[in-house]
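Shown next, in C-alpha cells, is the structure this report addresses.
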DNA sequence: TCAATCTGCTAAAACGCTTGATCAAAAATG
DNA sequence: CATTTTTGATCAAGCGTTTTAGCAGATTGA
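Residue numbers (this note's numbering), protein chains in the order written: chain Y, 111 to 479; chain R, 111 to 479.
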C-alpha cells in the first residue's frame with residue numbers, strides 16, 4: 111500500500127498488478143432479493159438475523175433457500191463501510207520470523223481476535239522505520255479497530271507517532287516515557303520461578319549466569335533470583351552471579367567459571383545458554399542433573415524439550431502476550447493497576463533438575479519449604 | 111467472523127463487542143474538498159495522482175495542503191468497495207506457531223504481498239475443520255484477491271471446497287488428485303545437496319538415516335541421496351540406509367546402528383535427529399567431524415547454527431515458499447512445467463563436515479569430481 | 001471572427017450493504 | 001363495526017470512495 115494508494119509519494123508508481131477478482135461475478139444481496147422476490151432490506155434482515163426484525167417464517171425460508179442456491183456471501187467490505195469501522199486488528203511486528211517467538215505472539219493474537227469476531231492483519235517491519243510507517247498507514251487506512259505493536263524480545267520501544275491515530279497496545283515491549291498500554295512478560299516472577307525449581311529440590315548454592323547485554327530480562331530475572339533465595343532463607347552471594355553472552359557459545363564458555371564456584375545448580379539466563387552449558391559440562395565428564403542441576407529460561411520448544419536430559423525451564427508466555435494484547439485492546443480486560451500488565455512465566459519442569467538432593471528420590475518437597 | 115456476521119448460524123449470537131472506532135470522527139474526502147473549496151472528485155483525482163486528470167497546479171497544492179492540515183487518510187474500505195475487490199491476500203495455515211517454520215512462510219508471503227501492494231490476512235486453523243471453514247469464509251467475505259493454503263510440513267493435503275470460490279495456491283503441500291497450483295520444497299534436490307556436501311569432501315561410505323514416518327520428504331530425500339551417490343560413481347548400498355524417528359531421541363538411538371556400519375559420514379533426515387546423534391557420538395568419545403561427518407536437513411536456525419560443531423545442513427526454503435506462493439497467486443510467476451513448482455533447498459555448510467578426507471586440509475575438491 | 005480544441009473542474013451514478021422511517025394489511029380491542 | 005395495535009415487509013438515505021460524462025471558459029486554428 112506504499113505508492114499508488116497513497117498520496118504521500120505521488121511520484122512513484124510501480125504499477126502494481128490490478129487486483130483483478132475472479133472471472134464470475136460474485137452474487138450480491140440484490141440478486142438474492144430478486145431471486146427470492148423480496149427487497150434487499152429484507153434479505154439484509156434475514157442474513158443478519160436481526161433480533162427485532164419481523165420477518166414471516168415463509169419469507170425467511172425463501173430467502174435462506176435462495177441464498178444457499180445462489181451461493182451468496184456477504185461482502186464484508188460493504189458491511190464495514192457502512193458500519194464505519196472494520197473488524198480488523200492490526201499486528202505490526204519487528205520480526206515476524208527471526209524467532210519462533212514472534213510466531214507465538216501472532217498465534218495468540220489471532221486466536222483471541224478471532225474469538226471476538228476480529229481478523230488479524232499482519233505486517234512485519236524488520237525493524238525498519240519506513241516499512242513500519244507504511245504498515246501503520248495501511249492499517250489506519252483499513253480502519254482497523256486497533257493495533258498491536260510487538261517486538262520479538264522484551265525491550266523498551268519508541269512509539270511511532272502514527273500509532274496515536276488509533277487505539278493500540280504494546281506487546282512484549284513498553285514505553286518508558288508514556289502511559290501507553292503494554293503487555294510484557296513478568297521477568298521477576300520468571301526469575302523467581304526458575305530459581306524456585308532449584309530451591310525446592312534442596313539446592314542452596316545456586317549460580318545464576320546472567321546475560322552480558324542489558325535488557326529488562328537481565329534485571330528482572332536477577333531480581334527474581336534474589337527474591338527466591340531470600341524467601342528460602344538463602345543469603346545472596348554476589349560471587350555466584352556472573353555474565354555470559356546469551357547463546358550456546360556463551361553457555362559453553364561459562365562452564366569454567368561456573369565450576370570454580372562450587373555450586374550444585376545453575377540458573378541460565380536462557381535455554382540456548384543452557385544448551386551450550388550442557389556441552390561443556392558433558393565434555394568434562396559431568397552429568398546433569400547429578401553433578402549439576404540446570405534450569406534455563408524461555409522454553410524454546412525445539413531445544414528445551416529435546417536436550418539430554420530434557421531441560422527444566424521457565425516459559426516466556428508469548429501466546430498469552432498476544433492474546434492479552436488483544437483483550438486489552440478490545441477493552442475485554444481492564445489493565446489492573448498501572449498501564450503495563452505483566453504476564454506470568456510458568457515453570458516447565460523436565461529432567462535437568464533431579465530429585466531432592468537432601469531427601470533423596472523418595473520424598474517430594476515437603477510442605478514446609 | 112463466525113456468527114453474528116454470517117448467515118450460516120443465525121441462532122448463535124455471542125454479542126461480540128461493537129467494533130467501536132476511536133472517538134473523534136475520521137477526516138473524509140468530503141471534508142478535505144470543503145476545506146480546499148473544491149469537489150470531492152477533484153480531491154480524489156489529486157489523492158490518486160491520476161495520470162490523465164487535468165488539475166491546475168494551484169488547485170493541486172491547495173488540496174494537498176488541506177490534506178496535510180486535516181490529517182486526511184483515504185478509507186481503504188470505501189476504495190475497495192467501489193473497486194469491487196480488495197488488496198488482501200489470505201493465508202490460512204494449519205499451524206501458525208507449532209514450529210518456527212510456519213513463521214517463515216508468513217514472513218515470505220507478507221514481504222512478497224507487500225511488494226505488490228497487497229496485505230496479508232492470516233488465520234490459523236490448528237488443523238481443525240470448522241475453524242478452517244470459518245477462516246476461508248471470512249476471507250471470501252473480505253473479497254481477498256486469493257488464498258494461500260499452507261501446512262507446516264510438506265505433505266499431501268485435501269483442498270477445502272470453499273477454496274474453489276477464489277484463486278488459491280497450496281504452499282508446502284499439494285493435492286495428489288487435482289491440478290491445483292502448489293509450491294513445495296524440492297526434496298530430491300535437497301537430498302542430493304546434502305549428500306553432495308559429504309561426497310565433495312571425499313566421503314564414500316555415507317549412511318542415510320531416514321525417517322520412520324511416511325512423507326514426501328522421506329521418499330524425496332532418499333532419492334536425492336541415491337542420485338548424488340550415482341553421480342559420484344558410488345554404488346548404492348541399501349545396508350547404509352535405515353530409519354529412525356525424526357527427532358533428537360531418534361537420532362540418539364540411531365547411533366548404535368550407525369556405528370555398526372563402518373561409515374565415515376552420515377546424512378540425517380533432519381537437524382533434530384542430528385542433534386541427538388551428536389549426543390550419542392560424543393558420549394562414545396567420538397568427535398565430529400573427525401570420526402564422523404554429519405549433515406542434517408531443515409536448517410533449523412536455533413539448533414543447527416549453534417550446535418558444537420555447527421551443523422552443516424540443507425535449508426528448507428520456507429520463506430521462498432511463502433513468497434513464491436504469492437507470486438504464483440498473483441500471476442507474477444508462471445508455473446513452469448506442471449502445476450507444482452518446486453523450490454530448491456540450498457545447502458548451508460558449517461563445521462560438522464571437515465576438510466576433504468582424501469586430500470587433507472589444503473586442497474578443495476577438484477574439478478573432476 | 002467563429003468554430004474547434006483544450007483546460008480545469010464538477011455532477012452524479014455507482015459499489016453492496018444497513019437501518020430508521022413508513023406503510024398496507026391483518027389482528028386485536030372496545 | 002370502528003379503532004387501535006401488531007405484523008410483515010419496503011423505501012430511501014447514506015457509508016466514503018471512483019469514475020464517466022459534461023460544462024464553462026480560455027486558447028488555438030483558419
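Idealized CB from N, CA, C, for every residue including glycine.
Note that this is a predicted model, so its numbers are computed, not measured.
Which residues, in chain order, does the stretch 392-404 of chain R contribute to contact with chain Y at a C-beta distance below 7 Å?
Flagged, chain order: 392.
Between the alpha carbons of residue 188(R) and residue 187(Y), how many angstroms are there, rounded?
Straight-line Cα distance between these residues: approximately 8 Å.
Helix, strand or coil, according to DSSP, for residue 458(Y) in the structure here?
strand
What residues of chain Y sit near residue 140(R), judged by a beta carbon separation below 7 Å?
The contacting residues do not exist; residue 140(R) stays about 14 Å from chain Y at best.
Applying a beta-carbon distance threshold of less than 7 Å, which residues of chain Y neighbour residue 389(R)?
418
Under the three-state reduction of DSSP, which class applies to residue 250(R): helix, strand or coil?
The answer is helix: DSSP assigns residue 250(R) an H, G or I state.
Can you list, in chain order, the residues of its chain whose CB lies under 6 Å from that of residue 233(R), leaving out five sequence neighbours each side?
202, 245
Does chain Y have any CB closer than 8 Å to the CB of residue 240(R)?
Judged by the 8 Å Cβ criterion, residue 240(R) is not in contact with chain Y.
Hey, residue 236(Y) and residue 267(Y): beta-carbon distance below 8 Å or not?
no
To the nearest angstrom, report how far apart residue 176(R) and residue 179(Y) are at their CA atoms.
49 Å
In the structure shown, what three-state DSSP assignment does residue 265(Y) receive?
Residue 265(Y) sits in a strand when the DSSP states are folded into three classes.
Which class does residue 328(R) belong to by DSSP, given the choice of helix, strand or coil?
helix
One question on the structure: do residue 402(Y) and residue 376(Y) come within less than 8 Å of each other, judged by their Cβ atoms?
yes
Can you pull the chain Y neighbours of residue 101(R), defined as C-beta to C-beta under 8 Å?
In the structure as shown, chain R begins at 111 and stops at 479. Residue 101(R) is therefore absent and cannot be evaluated.
Measuring only between beta-carbons, confirm whether residue 380(R) sits less than 8 Å from chain Y.
no
Heavy atom of the ligand ATP less than 7 Å from the Cβ of residue 187(R), yes or no?
For the ligand ATP, the structure offers nothing, since it holds no ligand at all.
Between residue 182(Y) and the rest of its own chain, which residues show a CB-CB distance below 6 Å, the 5 nearest in sequence each way excluded?
137, 142
Please name the residues in the stretch 170-188 of chain Y whose beta-carbon is closer than 7 Å to at least one beta-carbon of chain R, in chain order.
177, 183, 184, 185, 186, 187, 188
In whole angstroms, what separates the C-alpha of residue 405(R) from that of residue 384(R)?
7 Å
Below 7 Å on C-beta distance, what does residue 383(Y) contact in chain R?
Within chain R, no residue comes near residue 383(Y); the closest Cβ sits about 10 Å away, beyond 7 Å.
Whose C-alpha, out of 276(Y), 231(Y), 262(Y), 366(Y), is nearest the C-alpha of residue 389(Y)?
366(Y)
With distances taken from CA atoms, which of 320(R), 271(R), 301(R), 373(R) is nearest residue 341(R)?
301(R)
Using DSSP bridges, identify the partner residues of residue 284(Y).
Listed as beta-bridge partners of residue 284(Y) by DSSP are 266(Y).
For residue 148(R), which residues in the same chain have their Cβ closer than 8 Å to its Cβ, ignoring the five residues on either side in sequence?
169, 172, 173
Which residues mark the beginning and the end of the alpha helix (DSSP H) in which residue 171(R) is found?
167-180
When the Cα of residue 372(R) is compared with those of 347(R), 329(R), 296(R), which residue comes out closest?
347(R)
Which whole runs of the beta strand (DSSP E) in the stretch 391-450 of chain R are 3 residues long or more, in chain order?
403-405
So what's residue 159(R) in DSSP terms, helix, strand or just coil?
Here residue 159(R) carries a coil assignment [DSSP, helix/strand/coil].
How would you list, in chain order, the residues of chain R whose beta-carbon sits under 8 Å from the beta-carbon of residue 233(Y)?
220, 224, 229, 230
Below 6 Å CB to CB, which residues in the same chain sit around residue 458(Y) once its five sequence neighbours on both sides are set aside?
409, 423, 425
Can you give the beta carbon distance from residue 270(Y) to residue 297(Y), rounded, assuming they're within the 8 Å contact cut?
By a beta-carbon distance limit of 8 Å, residue 270(Y) does not contact residue 297(Y). Their separation comes to about 25 Å.
According to DSSP, is residue 291(R) helix, strand or coil?
Shown here, residue 291(R) sits in coil according to DSSP, grouped into three states, outside any helix or strand.
Comparing the C-beta of residue 243(Y) with each C-beta of chain R, is any distance below 8 Å?
no
Give, in chain order, every unbroken run of the alpha helix (DSSP H) that is at least 4 residues long and sits entirely within the stretch 205-240 of chain R.
Counting only runs of 4 or more, we get 210-225.
Short of 8 Å in beta carbon distance, which residues of its chain neighbour residue 479(Y), apart from the five on each side in sequence? Order them along the chain.
Note on residue 479(Y): pLDDT 39, under 50, position unreliable in the model; the coordinate value appears next. If you ignore the 5 residues before and after residue 479(Y), its C-beta comes within less than 8 Å of the C-beta of 309, 310, 342, all in its own chain and listed in chain order.
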